[in-house]
Amino acid sequence: MHFSFAALLRQAFTGNAWPQQWRSPEPRTAYDVAIVGAGGHGLATAYYLAAEHGIRNVVVVEKGWLGGGNTGRNTTIIRSNYLQDASAALYEHALKLWENLSQTLNYNVMYSPRGVLMLAHNDHDVRVFRRHVHANRLAGIDNEWLTPIETQRFCPPLSISRDLRYPVLGAALQRRGGVARHDAVAWGYARAASALGVDIVQNCEVTGIRRDASGAVAGIETTRGVIAAPKVAVVAAGHTSVVMAMAGVRLPLESYPLQALVSEPIKPVLPCVVMSNTIHAYISQSDKGELVIGAGTDAYTSYSQSGGLHVVTHTLEAICELFPAFRRLRMLRNWGGIVDVTPDRSPIIGLTPVPGLFVNCGWGTGGFKATPGSGQVFAASVARGEPHPVAAPFALDRFHTGRLIDEAAAAAVAH
Amino acid sequence: MLLIFCPYCGARPESEFRYGGAAHIVRPADPAAVDDAAWTAFLYLRDNPKGRHAERWRHIHGCGRFFNCLRNTVSDRIIATYPVGVARPDVT
């Protein structure tokens with residue numbers, strides 16, 4: 422069904438239950454493309470394969486439930502003010518898609534460009550962020566520098582007291598940045614892809630990758646049977662190393678727990694997104710009223726989907742220092758996701774040494790913001806068998822050639 | 503927070519330690535002699551296993567020494583810690 426005001430009225434007065442928004446078919450034995458992982462990136466890849474490349478004989482297999490991994494666990498921040506040209510181009514490509522995504526998918530993803538503030542707490546931060554601002558403006562991406570007073574005017578609950586352990590010395594502001602509803606992104610892409618003929622199979626774990634005599638990919642083995650496919654696209658986030666090992670491919674990835682938490686819901690108080698890389702605090706307010714808070718990664722690799730309490734405590738201490746009014750709030754839930762981190766903190770998108778096997782991974786702590794752009798350039802790479810121009814710098818072979826895209830140094834910790 | 507048994511100081515909280523990545527990665531004796539693929543593997547490629555992982559830790563707020571640790575990355579349970587230079591223990 423098509424969502425519109427008329428459809429809403431009709432549904433309200435007829436009292437019928439809303440129909441299921443995507444099909445849940447049994448997997449067939451063969452497809453043109455098999456995508457491993459039904460998170461935002463995997464579903465977006467399926468959607469753009471069908472919508473822009475006419476490849477509709479596609480299956481998306483998911484070991485758990487749709488959008489139940491990092492898509493449902495992140496803090497939904499969207500921005501594109503990255504330092505390196507290749508990164509800025511990739512994330513700006515995504516941001517432009519975000520702006521019309523609800524209309525494209527006919528599904529409200531609740532994209533809210535409310536502005537992302539990145540706080541500077543010391544001289545080094547100030548210089549780095551001003552450099553980012555200049556680099557972004559040269560690249561045609563909006564980013565501006567705010568003084569402490571301008572920062573507080575934009576975000577009234579923020580304390581700019583000089584007595585803070587880490588005082589606010591200013592902030593970089595991207596006004597087009599903001600948040601979107603993470604579940605709606607996965608559901609919207611699933612619905613649109615399913616309508617175009619893509620099969621989405623949940624509770625279907627990949628147990629092996631089949632290769633033919635020449636070494637090329639022949640299909641996948643799953644807990645629901647063997648699926649033949651000449652192209653397999655792995656979009657498995659924190660579990661990418663595990664899946665790719667089935668094809669004998671080692672990747673420059675390490676998987677770390679990344680935690681987030683939400684407070685009890687309160688009336689609207691925080692008008693924008695506030696990030697502080699220096700003290701590991703990322704906060705915004707959801708439309709339900711909960712404060713959504715992101716922490717840093719744990720120190721060690723893990724697949725446990727939980728992390729140390731001291732890591733979130735560190736973040737909450739920073740939040741309480743920056744926002745004294747939040748000190749009495751209670752936290753409702755705390756969870757972890759497993760993020761796959763590359764040595765240069767930039768993603769890997771495209772071809773692998775195995776013919777027919779493609780990978781989209783390494784998004785680390787900040788993949789949500791790239792979801793539409795990632796899906797679109799990866800779908801183009803899978804369809805054509807060669808990297809999309811925006812994705813080309815993010816090829817796996819950059820670790821071989823040495824052309825790293827060093828966002829590790831540029832952003833220090835988080836994206 | 504993990505409770506980590508330093509082979510030199512005994513059991514201490516994780517906050518006294520710094521993680522050092524995968525263990526038993528040997529730097530090629532003559533870097534100029536290896537090809538790019540081998541060098542890439544040494545620098546960047548990691549097994550990143552779901553299960554047992556041999557890793558380095560450093561007791562930075564204690565004795566300051568590096569040691570190795572065998573840990574299950576699903577349960578985060580530490581199976582053994584052992585000094586640098588000792589082979590990975592074959593614990594069942």
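Sequence order for the protein chains is A and B.
Numbering of the first sequence is given in our numbering, commencing with residue 422 and proceeding in unit increments.
Numbering of the second sequence is given in our numbering, commencing with residue 503 and proceeding in unit increments.
Note that CB positions come from ideal geometry on N, CA and C, so glycine has one too.
Review point. Can you list the residues of chain A that residue 555 of chain B reaches, using a CB-CB cut of under 7 Å?
Key: 722
Review point. By DSSP, does residue 463 of chain A sit in helix, in strand, or in coil?
Key: helix
Check your understanding: So what's residue 833 of chain A in DSSP terms, helix, strand or just coil?
Key -> The predicted model places residue 833 of chain A with a pLDDT of 44, which falls under 50 and marks its position as unreliable, so this point remains unresolved.
**Study point:** residue 655 of chain A to residue 593 of chain A span [Cα, whole Å]
**Key:** 35 Å
Exercise for review: Please name the residue or residues paired with residue 652 of chain A in a DSSP beta bridge.
Suggested key: A/454
Review point. Does any residue of chain A bring its CB to less than 9 Å from the CB of residue 550 of chain B?
Key: yes
Practice item. Determine the extent of the beta strand (DSSP E) in which residue 675 of chain A is found, giving its start and end residues. Key: 675 to 684
Check your understanding: Residues of chain B with a CB under 9 Å from the CB of residue 828 of chain A: which are they?
Key -> Simply none; closest approach about 15 Å.
Practice item. Compute the Euclidean distance between the alpha carbons of residue 835 of chain A and residue 827 of chain A, then round it to the nearest angstrom. Key: Caution applies to residue 835 of chain A, whose pLDDT of 48 falls short of 50 and renders its modelled position unreliable; the value that the coordinates give is listed next. Looking at the two C-alpha atoms, the distance is approximately 13 Å.
Review point. Is the stretch 696 to 709 of chain A in contact with the stretch 542 to 549 of chain A, if contact means three or more CB pairs nearer than 8 Å?
Key: yes
Review point. Just curious, the beta strand (DSSP E) that residue 781 of chain A is in, first and last residue?
Key: 778 to 782
Review point. Which first and last residues belong to the beta strand (DSSP E) in which residue 696 of chain A is found?
Key: In the DSSP assignment, residue 696 of chain A falls within the beta strand (DSSP E) that extends over 694 to 697.
Check your understanding: Would residue 561 of chain B be called buried (16 or more neighbouring beta carbons within 10 Å of its own) or exposed?
Key -> buried
Exercise for review: Could you tell me whether the Cβ of residue 582 of chain B comes closer than 9 Å to any Cβ of chain A?
Suggested key: no
Check your understanding: What residues in its chain sit with their C-beta under 7 Å from that of residue 578 of chain B, if we drop five residues either side in the sequence?
Key -> 504
Exercise for review: Measure the C-alpha to C-alpha separation of residue 453 of chain A and residue 640 of chain A and round it to an integer number of angstroms.
Suggested key: 10 Å
**Study point:** Nearest candidate by alpha-carbon position, reference residue 722 of chain A, set A/573, A/757, A/490, A/823
**Key:** The residue with the shortest Cα to Cα distance from residue 722 of chain A is A/757.
Exercise for review: Kindly list, in the order they appear in chain A, the residues whose Cβ is closer than 7 Å to that of residue 616 of chain B.
Suggested key: Shown here, chain B extends from 503 to 594; a query on residue 616 of chain B therefore has no answer.
Point to revise | Span of the alpha helix (DSSP H) around residue 553 of chain A | key: Looking at the DSSP string, the run of the alpha helix (DSSP H) that includes residue 553 of chain A is 544 to 559.
**Study point:** Those runs of the alpha helix (DSSP H) which lie wholly inside the stretch 745 to 829 of chain A and span at least 4 residues
**Key:** 792 to 805, 819 to 822
Exercise for review: Give the straight-line distance between the Cα atoms of residue 774 of chain A and residue 638 of chain A, rounded to the nearest whole angstrom.
Suggested key: 11 Å
**Study point:** Spatially closest choice to residue 707 of chain A from A/630, A/789, A/602, by CA coordinates
**Key:** If we check each option's Cα against that of residue 707 of chain A, A/602 comes out closest.
Review point. With distances taken from CA atoms, which of A/754, A/779, A/646, A/577 is nearest residue 625 of chain A?
Key: A/646
Check your understanding: Could you give the C-beta distance for residue 650 of chain A and residue 681 of chain A, rounded to a whole number, given that I count them as a contact under 8 Å?
Key -> Wrong, their Cβ atoms sit about 34 Å apart, outside the cutoff.
Check your understanding: Using a beta-carbon distance below 9 Å, is residue 815 of chain A in contact with chain B?
Key -> no
Review point. Do you know how far the Cα of residue 568 of chain A is from the Cα of residue 583 of chain A?
Key: 13 Å
Review point. If the cut is a Cβ gap below 8 Å, which residues of chain B does residue 473 of chain A touch?
Key: Within chain B, no residue comes near residue 473 of chain A; the closest Cβ sits about 32 Å away, beyond 8 Å.
Point to revise | Neighbour list for residue 731 of chain A in chain B, Cβ cutoff strictly below 8 Å | key: 503, 516, 517
Review point. So with Cβ pairs under 9 Å, would you call residue 538 of chain B a contact of chain A?
Key: yes
Check your understanding: For residue 430 of chain A, which three-state DSSP category applies?
Key -> helix
Exercise for review: Specify the secondary structure class of residue 508 of chain B as computed by DSSP and reduced to three states.
Suggested key: Here DSSP, grouped into helix, strand and coil, assigns residue 508 of chain B to strand.
Check your understanding: Under three-state DSSP, which class holds residue 691 of chain A?
Key -> coil
Check your understanding: Thinking just about the alpha-carbon of each residue, which of A/754, A/703, A/711 is nearest to the one in residue 735 of chain A?
Key -> A/703
Check your understanding: What do you reckon, are the CB atoms on residue 711 of chain A and residue 587 of chain A nearer than 9 Å?
Key -> no
Review point. Helix, strand or coil: which one does DSSP assign to residue 441 of chain A?
Key: coil
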